[in-house]
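All residue numbers for the sequence shown refer to UniProt numbering, where the first residue is 1 and numbers rise by one.
Where a beta carbon is used, it is the ideal one built from N, C-alpha and C, also for glycine.
Here the structure is laid out as structure tokens; the discussion comes afterwards.
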Amino acid sequence: MFQATPAPTPINLSIGFPSPSLFPLQQLTHATNTVLSTPSIWHEGMIYGPDEGHFPLRKNIAQWLSRFYHPDSTVATAGGSKIEPERICITGGASQNLACALQVFTDPVVTRSVFVVEPAYFLSFRVFEDAGFAGRLRGIPEDGEGVDVESLKERLKEDEQSSNSDAKVEFCFGA
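This is the structure we're talking about:
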């Protein structure tokens with residue numbers, strides 16, 4: 001008689017859930033011990049308030065971006081940076097960055113529609129809803145150059161004609 005094999009447990013691909021065997025535990029332990037035993041590092045990390053991120057990291061990212069986007073520039077190759085570290089902000093990820101941008105540049109009371117490039121980063125939809133834009137997302141296709149500008153113009157015109165309020169379209173998001 002055959003025994004039924006249990007169905008395999010499905011892997012949830014909607015969240016970052018790597019196998020624990022992939023975690024570099026020794027390296028993480030070493031890094032944690034280094035950080036916590038070096039006051040000049042941990043002290044900065046324990047301070048509350050606005051923090052753009054560890055300056056040496058931002059400086060290295062700015063230099064790398066300058067070399068990547070301006071490879072022929074003597075400024076970028078001589079150790080200088082066309083992209084300044086003061087313009088780099090280290091965050092917890094795309095969702096946090098999007099929430100910050102929405103908080104600074106939009107107002108759910110005033111913003112009538114939010115135009116989103118399709119396909120879009122699927123986790124962004126919840127961020128838009130949390131920011132007060134539920135039901136106001138409008139998809140815009142892309143072409144070979146990025147946002148399909150003609151389609152966006154058409155959607156803006158439709159949005160303007162269908163609205164009976166003084167609210168404005170304020171924000172376009174590309175993923």
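Please report the Cβ distance between arginine 117 and alanine 99, rounded to the nearest whole angstrom; I am assuming they are in contact, meaning their Cβ atoms lie under 8 Å.
Indexing the sequence shown from 1 puts residue 117 at position 117. Indexing the sequence shown from 1 puts residue 99 at position 99. First, the residue type needs correcting, since residue 117 is valine and not arginine in the sequence shown. Actually they do not touch by this definition, with Cβ atoms about 18 Å apart.
Can you tell me the Cα-Cα spacing of asparagine 12 and glycine 132, whole angstroms?
To locate residue 12, count along the sequence shown from 1; it is residue 12. To locate residue 132, count along the sequence shown from 1; it is residue 132. C-alpha separation (whole angstroms): 28 Å.
What do you reckon, are the CB atoms on asparagine 97 and threonine 106 nearer than 9 Å?
Along the sequence shown, one-based indexing puts residue 97 at 97. Along the sequence shown, one-based indexing puts residue 106 at 106. Not closer than 9 Å, so no.
Cα separation between threonine 38 and alanine 120?
In the sequence shown, the residue the question calls residue 38 occupies position 38. In the sequence shown, the residue the question calls residue 120 occupies position 120. Those two C-alpha atoms are separated by around 41 Å.
When the Cα of arginine 138 is compared with those of Gly144, Ser113, Gly146, Ser124, which residue comes out closest?
In the sequence shown, counting from the first residue as 1, residue 138 sits at position 138. Nearest C-alpha to arginine 138: Ser113.
So, at 7 Å on beta carbons, what are the nonlocal neighbours of glutamate 142 in its own chain, with the 5 sequence-adjacent residues on each side left out?
Residue mapping note: residue 142 aligns to position 142 of the sequence shown, counting from 1. Only Val117, Asp148 meet the Cβ criterion.
Apply the 10 Å Cβ neighbour rule to arginine 58 and answer buried if 16 or more other Cβ atoms are within range, or exposed otherwise.
In the sequence shown, residue 58 corresponds to position 58, counting from 1. It is buried - the Cβ of arginine 58 has at least 16 other Cβ atoms within 10 Å.
Could you say which of Glu160, Cys89, Arg67, Ser14 lies nearest to glycine 53 if we only look at CA atoms?
As a position in the sequence shown, residue 53 is number 53, starting the count at 1. For glycine 53, the nearest C-alpha among the options comes from Cys89.
Among Phe122, Gln26, Ser163, Glu44, which residue has its Cα nearest to the Cα of isoleucine 15?
As a position in the sequence shown, residue 15 is number 15, starting the count at 1. Of the candidates Phe122, Gln26, Ser163, Glu44, the one whose C-alpha sits nearest the C-alpha of isoleucine 15 is Phe122.
Kindly identify the DSSP beta-bridge partner or partners of valine 104.
Your numbering for residue 104 matches position 104 in the sequence shown. Valine 104 pairs with nothing; no bridge assigned.
Is isoleucine 83 closer than 9 Å to tyrosine 69 when the C-beta atoms are compared?
Translated into positions along the sequence shown, residue 69 becomes position 69. Translated into positions along the sequence shown, residue 83 becomes position 83. Cβ distance < 9 Å, so tyrosine 69 and isoleucine 83 count as in contact.
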